[in-house]
Amino acid sequence: MSTDNIPHKIARAGERFLPVAKTPPESPTLSATEDAATSLPISPPATVLVDSSPRRLPHLIRRLYHRIQQCYEGKLLDNTWESVRISPQWYQVLQDELEKDTQLGAWVADKLRYDYDSAEGEFVLRMPSPLHDIFAIRLQEVIVRELGHFTTQEEIRPLIERIKMATTSDIRFSDSSTEGKKSPDGSFRFSGTKYPPLVIEVANSQKRRDLPRLAESYIERTKGRTKTVITIDLEY
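Numbering (the UniProt record's numbering), first residue to last: 1 to 236.
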């Protein structure tokens with residue numbers, strides 16, 4: 001089955017669903033330039049691991065902790081895309097601190113949309129707007145409908161029936177908690193496989209500049225098992 005024309009069909013179909021809207025006011029961002037990750041030691045000191053107070057963490061990690069806390073409490077505006085650089089060791093410290101609050105830790109594990117790339121040392125906090133999520137869902141519905149047209153072909157029907165819409169399910173690159181993960185805006189998987197062959201990313205104004213690199217990272221980190229990344233630059 002050729003997928004060459006699918007992105008074009010979807011882009012055209014998507015235009016029918018949603019009006020263009022103005023970008024909402026941006027909330028204050030967590031700026032990596034204010035507290036560069038290079039100022040953090042490569043590995044956290046052992047005392048941090050036993051310190052129970054986020055106040056004792058380095059400023060950048062502490063601010064990231066509080067941004068996540070704001071997301072949990074509903075105080076952070078939608079349409080957020082914030083990127084900072086932290087090492088895998090500091091990422092593990094952040095995870096440990098979040099898990100000390102049972103409710104917050106459970107919410108982060110189940111609900112928070114974020115990416116972490118251990119190779120790049122990059123943490124991305126995602127808080128998409130409802131418009132953004134609705135568009136991504138409609139886009140996936142268009143793909144499902146298009147795929148349904150191929151079920152009449154006996155030779156490829158078994159293959160089509162194995163394709164499942166995985167929406168925003170996390171993509172984890174290793175069994176290690178520090179290896180990293182991504183939370184795509186949409187994805188499709190074959191039953192029984194770890195990585196989706198097709199991923200969808202919808203950009204807002206902050207995310208737009210990162211789209212090419214984001215698409216490449218899916219393909220590289222899955223060692224080519226993700227073969228197609230549809231990126232949509234949605235003006236809103």
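Ideal Cβ positions, reconstructed from N, Cα and C, are used throughout, including at glycine.
- Between the region 202-212 and the region 153-161, the count of C-beta pairs closer than 8 Å stays below three; the two stretches do not touch.
- A straight-line Cα-Cα distance of about 11 Å links threonine 167 and isoleucine 134.
- In terms of Cβ geometry, glycine 192 and aspartate 117 do not form a close pair [threshold 7 Å].
- A distance below 7 Å separates the beta carbons of leucine 104 and leucine 98.
- For leucine 198, the enclosing beta strand (DSSP E) starts and ends at 198-203.
- In the DSSP assignment, lysine 75 forms no beta bridge with any residue.
- Only buried fits aspartate 115, as 16 or more other CB atoms lie within 10 angstroms of its CB.
- Of all alpha-carbon atoms in Cys71, Gln95, Arg213, the one lying nearest the alpha-carbon of glutamate 120 is that of Arg213.
- DSSP, reduced to helix, strand and coil, places threonine 228 within a strand of the structure shown.
- In the structure shown, the three-state DSSP call for tyrosine 114 is strand.
- Looking from the CA of methionine 127, the closest CA among Lys100, Gln69, Leu76, Leu139 belongs to Leu76.
- Residues Ser187 of the same chain have their beta carbon placed closer than 7 Å to that of serine 169, with the five preceding and five following residues left out of the count.
- For the options Leu211, Asp110, Gly148, Thr222, the alpha carbon positioned closest to that of tyrosine 195 is the one of Thr222.
- Going by C-alpha positions, serine 217 is about 10 Å away from valine 229.
- Sequence-distant Cβ neighbours of threonine 226 in its own chain, meaning closer than 7 Å and more than five residues away, are Tyr195, Pro196, Pro197, Val199, Tyr218, Ile219.
- Across the structure, phenylalanine 173 and threonine 152 are spaced so that their CA atoms are roughly 35 Å apart.
- When the alpha-carbon of leucine 131 is set against those of Asp185, Glu161, Ile160, the nearest one is in Asp185.
- Ranked by Cα distance from proline 88, the options Glu82, Leu147, Ile61, Thr102 are led by Ile61.
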